[in-house]
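Engineer:
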Amino acid sequence: MAEHKAIRHHEFGKPQDVLKLETVPTPEPAAGEVRVKLLAATINPSDYGMIGGSYGRLRELPAVAGREGIGEVEALGEGVTGIEVGMKVRFPEEGTWQEYACMPAADLLFVPDAVPVEQAAISFINPPTAYCLLKKVVDLEPGSWIVQNAGNSAVGVSVIQMAKAMGFKTISQVRREELIEPLKAMGADHVVIEGSGWAKQAKELTGGEPIRLALNSIGGESATDQIKVLGTGGTQVTFGGMVGDLVRFPTRFLIFNDVRLIGFWWDKFCKTQGAEAVKEVMDAVYAMMADGSLKLPLEETFALEDILAAVEKDKGPRLGKVLLKP
Ligand SMILES: NC(=O)c1ccc[n+]([C@@H]2O[C@H](COP(=O)([O-])OP(=O)(O)OC[C@H]3O[C@@H](n4cnc5c(N)ncnc54)[C@H](OP(=O)(O)O)[C@@H]3O)[C@@H](O)[C@H]2O)c1
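If you count by the numbering used here, then the sequence shown holds residues 154 to 479, one letter each, in order.
1) Report the partner residues of N369 according to the DSSP bridge assignment.
2) Can you grab the Cα-Cα spacing for the pair E452 / R161, in whole Å?
3) Quick test of the definition: if touching needs 3 or more C-beta pairs under 8 Å, does the stretch 426-444 touch the stretch 266-274?
4) Would you list the residues sitting across from A254 in a DSSP beta bridge?
5) Cβ of I299 within 9 Å of Cβ of L192?
6) Does the stretch 398-414 come into contact with the stretch 369-378, if we say contact requires no fewer than three beta-carbon pairs (one atom in each stretch) closer than 8 Å?
7) Is the separation between the beta-carbon of I324 and that of A283 shorter than 9 Å?
8) In whole angstroms, what separates the C-alpha of D342 from that of P198?
9) Let me check understanding here. Comparing Cα to Cα, which of A194, T391 and A456 lies closest to I275?
10) According to DSSP, R413 sits in a beta bridge with which residue or residues?
11) When you measure from the CB of R401 to every non-hydrogen atom of ligand 1, does any distance come out below 8 Å?
12) Would you tell me roughly how many angstroms separate the C-alpha atoms of M154 and G202, rounded to the nearest one?
13) Answer yes or no: the CB of W419 versus the heavy atoms of ligand 1, is any distance below 8 Å?
14) How about V344: is its Cβ closer than 8 Å to a heavy atom in ligand 1?
15) To the nearest angstrom, how far is the alpha carbon of G304 from that of V226?
16) Here's the rule: buried if 16 or more other CB atoms are within 10 angstroms of the residue's CB, otherwise exposed. What is L287?
17) Mind checking whether the beta-carbon of S199 lies closer than 8 Å to any heavy atom of ligand 1?
18) Below 6 Å CB to CB, which residues in the same chain sit around P182 once its five sequence neighbours on both sides are set aside?
19) Checking 9 Å against the spacing of the C-beta atoms, do L414 and T385 come in under that value?
20) Just confirm the distance between the C-beta atoms of F321 and S297, as a whole number of angstroms; I'd bet it's less than 8 Å.
21) Could you check the C-alpha separation between P479 and A318 for me, to the nearest Å?
22) Would you check whether ligand 1 has a heavy atom nearer than 8 Å to the C-beta of T388?
23) Below 8 Å on the Cβ atoms is my guess for Q314 versus G340; work out the distance and round it to an integer in Å.
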């Protein structure tokens, strides 16, 4: 029986404690299924939540880790028509840190050939989240100001480039000076340093225009600063909590500025809005990746075997995503 490598965990915990490189049987595609070969997978903060047992949905154990990856169709099960070996598709989501997996042909998400493979690998979670945050949460007039934290995250750099293309203006909060120029080169209007007191100068940054939307994936003081700079009736969307700290809400801004706090989860959007809505978002992402107006930086590529070194790299200071390749 054919076998392949997979990064699995048999319990929830820290990646370095629970992840194991294992050899598992390579499945044969059943009727109506295809087998997909991994080309490249990514590491996302939500992977740590899934491995650690704290995410909004968890897998049965033992589980193959990883949620995002690009693959190519490698074998067709009985009765599968209209699909060719070699087509680029999203790797089956329930475990991308492995070499092969099968899935129903009807559920495949196809990636246009015009999208570079390494961009496609990081296209399925963060860019569509950025697109939804800009397009699906509040109605923004062209020229509207947006503030976001984690400006150098994959969501953050997607927001910067998409906002530019959509005619919105951005203030991006980051933790390191050396990120200012690279983010400006991607189209950021202003890049500010967390903890520098930047919020006091927000009016000068926007030329007195109100900030309509705040995108928060950090929490703590970083999120509180955003609430303070939002204009009357502005909305803060929380979609991540990297510091793990509570967002401390300054009451007066709710009362006097009518600020709104809401959440967003791409997984829920996919589940509740239907395939057509997801396709519309992905088509928009792929159009931008194909014409080069959306390009996410990449940090480094590791072999599956080097998963712990990859995780260490991922947790350190970086601008782009860490990729895993077979
Ligand atoms: N709700 C959803 O549907 C959804 C979808 C996609 C992503 N997300 C969330 O969006 C966020 C970004 O994801 P991503 O994949 O784009 O991230 P990423 O590319 O892996 O980058 C991680 C970012 O988090 C920052 N960060 C990490 N720890 C931090 C801390 N303790 N304090 C402040 N900043 C910290 C990093 O800043 P440094 O470089 O300074 O370390 C970096 O900007 C995550 O919270 C993720 O869970 C949510």
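Each residue gets a CB set at the ideal place from its N, CA and C atoms; glycine is no exception. Source: prediction; values computed, not measured.
Structural biologist: Looking at the coordinates:
1) Locating residue 369 in the sequence shown gives position 216, counting from the first residue. Bridge partners of N369: T391.
2) Residue numbering aside, residue 452 sits at position 299 when the sequence shown is read from its first letter. Residue numbering aside, residue 161 sits at position 8 when the sequence shown is read from its first letter. CA-to-CA, the gap between E452 and R161 works out to about 24 Å.
3) The stretch 426-444 vs the stretch 266-274: in contact.
4) For the purposes of this step, residue 254 is taken as the residue at position 101 of the sequence shown. According to DSSP, A254 bridges with V189.
5) The sequence position of residue 299 within the sequence shown is 146, counting from 1. The sequence position of residue 192 within the sequence shown is 39, counting from 1. Inclusion of I299 and L192 in the CB contact set at 9 Å is not warranted, their separation being larger than that value.
6) Cβ pair count under 8 Å is three or more, so yes.
7) The residue given as residue 324 occupies position 171 in the sequence shown. The residue given as residue 283 occupies position 130 in the sequence shown. By the CB criterion at 9 Å, I324 and A283 fall outside the cutoff.
8) As a first step, residue 342 must be located in the sequence shown, where it is residue number 189. As a first step, residue 198 must be located in the sequence shown, where it is residue number 45. Spanning the two alpha carbons is a distance of roughly 26 Å.
9) Taking the sequence shown and counting its residues from 1, one reaches residue 275 at position 122. Among A194, T391 and A456, the Cα nearest to that of I275 is on A194.
10) Along the sequence shown, one-based indexing puts residue 413 at 260. Within the DSSP bridge table, the entry for R413 names T388 as partners.
11) Along the sequence shown, read from residue 1 onward, the residue named residue 401 stands at position 248. The answer is no for R401.
12) On the sequence shown, position 1 is the one that residue 154 refers to. On the sequence shown, position 49 is the one that residue 202 refers to. So the two alpha carbons sit approximately 33 Å from each other.
13) Along the sequence shown, read from residue 1 onward, the residue named residue 419 stands at position 266. At least one heavy atom of ligand 1 lies closer than 8 Å to the C-beta of W419.
14) Within the sequence shown, numbered from 1, the residue matching residue 344 stands at position 191. No, Cβ of V344 sits at least 8 Å from all heavy atoms of ligand 1.
15) Counting from 1 along the sequence shown, the entry for residue 304 is found at position 151. Counting from 1 along the sequence shown, the entry for residue 226 is found at position 73. Cα to Cα, the separation comes out at about 35 Å.
16) Residue numbering aside, residue 287 sits at position 134 when the sequence shown is read from its first letter. By the neighbour-count rule (16 or more Cβ atoms within 10 Å), L287 is buried.
17) Numbered from 1 along the sequence shown, position 46 holds the residue referred to as residue 199. Yes; taking the cut-off as 8 Å, the Cβ of S199 has a heavy atom of ligand 1 nearer than that.
18) As a position in the sequence shown, residue 182 is number 29, starting the count at 1. Same-chain partners within the cutoff: R188, A228, G230 and C255.
19) In the sequence shown, counting from the first residue as 1, residue 414 sits at position 261. In the sequence shown, counting from the first residue as 1, residue 385 sits at position 232. No, the pair does not count as a contact, with Cβ atoms beyond the cut-off.
20) Position 168 of the sequence shown, counting from 1, holds the residue named residue 321. Position 144 of the sequence shown, counting from 1, holds the residue named residue 297. Between S297 and F321 the Cβ distance is about 5 Å, and since that is below 8 Å, they are a contact.
21) Within the sequence shown, numbered from 1, the residue matching residue 479 stands at position 326. Within the sequence shown, numbered from 1, the residue matching residue 318 stands at position 165. Pairing P479 with A318, the inter-Cα distance amounts to about 35 Å.
22) Against the sequence shown, residue 388 aligns to sequence position 235. No, since every heavy atom of ligand 1 falls outside the 8 Å radius drawn around the Cβ of T388.
23) Here the question's residue 314 lines up with position 161 in the sequence shown. Here the question's residue 340 lines up with position 187 in the sequence shown. Contact flag correct, Cβ pair sits at about 6 Å.
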